[in-house]
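Those letters in the sequence shown? Residues 263 to 636, per our numbering, in order. Every residue, glycine too, gets a C-beta built ideally from N, C-alpha and C.
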Amino acid sequence: MSGISDILTELKAEHRLRSIPGQPSEGFLDLSSNDYLGLAQRHAEFREEFTERFSDAPYSSSASRLLSMQQKYHLMLEAFLAELYGKETLLFNSGYHANVGCIGALTLPSTLFVCDKLIHASIVDGLRINGAEFKRFPHNDIAKLKRILEKEASRYDHLIVVVESIYSMDGDEAPLSELVALKQQYPSILLYVDEAHAFGVRGKRGLGLCEEYDLIKHADILIGTFGKAAASIGAFAVVTEEMKSFLINTARPFIFSTALPPVNVAWSLLMTEKIIGMENERRHLAEISHYFSERISEISSQPTGSDSQIIPYLTGSAQRALDIADKLRQAGYLALPIRRPTVPPGGERIRFSLSAAMTRQELCDVADILQKIN
Ligand SMILES: Cc1ncc(COP(=O)(O)O)c(C=O)c1O
């Protein structure tokens, strides 16, 4: 097809052609993975316990959740999460499935989604695939959000405000308390909070930013993922009993896809159990993140804006993002360039993603190198 080569040529000319990175040789410090608690690097430590407790877990579910006979661990993990959050929970195969599925299910007549400009592609896909009506407000701009709500509240039966608790590319927090206050003003609002980058990392037990601010009961749909801090794969929605039943009956990625392998779900269960007690790791991660964010702010002469372990270093162009990533790689650091369409034009960056397994000294060395090549 002629269009294909044109597209590839254009992407290359704009420094936006992506490729799958090769396996780096040993000794690299990986600043690009979402292994925020360093759990993925500690798999060997937990292998024995895992084998002892979960040796009967099958390697395939062989059917979707609605048909599979292999659900012991799915039910156990949902029950465990339900106890932690104090609400019902439903597993999905990934965060992508969860967002596409929940947004699709909620695309009902007279429903308007009101979304932060920086919401994740999986939410955008959920809106687009399902033909949802949606409006976007400028990132974290509560005044603009209020204006949309004022205008639209009388025109729709349901307004669903969609945010991420920690934004995946900017690392800043959504103003959750203000959003909850808005909910009290507009009873037709449902609050949808994607905690992909806060699960494991924030809150006393690592349940996310809603736990940290004691707002779990106000999030109507809370999404958590296992592919990041939990060093596994899969996702879950925290919802009411009625919403869970509704999603089971209407969320198409839940209904029409083979369920996660039980062996994987059992691993997610073990990792979630470990996460609860990892307060020291969370504290350490917060400390080194604060330190590194200050260093990056100094180097770039502007605040990073980050409130978390995700710290952006804006490069101003795709070409410069590639150059800096390349130089960091030559120095032994893996930090990948982020370009369009993941971020808007002008928002090109190196996304530093920190882990509790890192030391302050290692990050001091990264910042020193960056300062030199800046
Ligand atoms: C905010 C957010 N939600 C959802 C996802 C998708 O999660 P998963 O990787 O489990 O599909 C991501 C992945 O990067 C994300 O950043």
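- According to DSSP, residue pairing for residue 377 in a beta bridge involves 398 and 424.
- Counting C-beta pairs with one atom in each stretch, the region 487-504 and the region 341-356 have three or more that are closer than 8 Å, which means they touch.
- Put simply, the region 364-379 touches the region 418-426. At least three CB pairs are less than 8 Å apart.
- In the DSSP annotation of this structure, the continuous segment of the alpha helix (DSSP H) that includes residue 347 starts and ends at 334-347.
- The three-state reading of DSSP puts residue 599 in strand, counting E and B together.
- Shown here, residue 354 sits in a strand according to DSSP, grouped into three states.
- Straight-line measurement puts the Cα of residue 570 at about 35 Å from the Cα of residue 321.
- Taking a 10 Å sphere around the C-beta of residue 623, we find fewer than 16 other C-beta atoms and assign the residue as exposed.
- In the DSSP annotation of this structure, the continuous segment of the alpha helix (DSSP H) that includes residue 628 starts and ends at 622-635.
- Taking 7 Å as the cut-off, the Cβ atoms of residue 484 and residue 455 count as close.
- The straight-line gap separating the alpha-carbon atoms of residue 626 and residue 367 is approximately 46 Å.
- Judged by DSSP in its simplified three-state form, residue 312 adopts helix.
- Judged by DSSP in its simplified three-state form, residue 534 adopts helix.
- Under a 10 Å Cβ-count criterion, residue 603 is classified as exposed, with fewer than 16 other Cβ atoms of the shown protein chains found around its own Cβ.
- In the DSSP assignment, residue 483 falls within the unbroken beta strand (DSSP E) covering 483-487.
- Per DSSP, residue 525 has no beta bridge partner at all.
- Of all alpha-carbon atoms in 393, 450, 435 and 440, the one lying nearest the alpha-carbon of residue 463 is that of 435.
- According to the DSSP secondary-structure assignment, residue 292 is paired through a beta bridge with 596.
- At least one heavy atom of ligand 1 lies less than 6 Å from the C-beta of residue 357.
- DSSP places residue 563 outside both helix and strand once states are collapsed to three, so it counts as coil.
- Considering only 608, 556, 474 and 536, the residue with the shortest C-alpha distance to residue 581 is 608.
- Looking at 381, 369 and 293, the one whose alpha-carbon comes closest to that of residue 400 is 381.
- DSSP places residue 549 in the helix class (H, G or I) of the three-state scheme.
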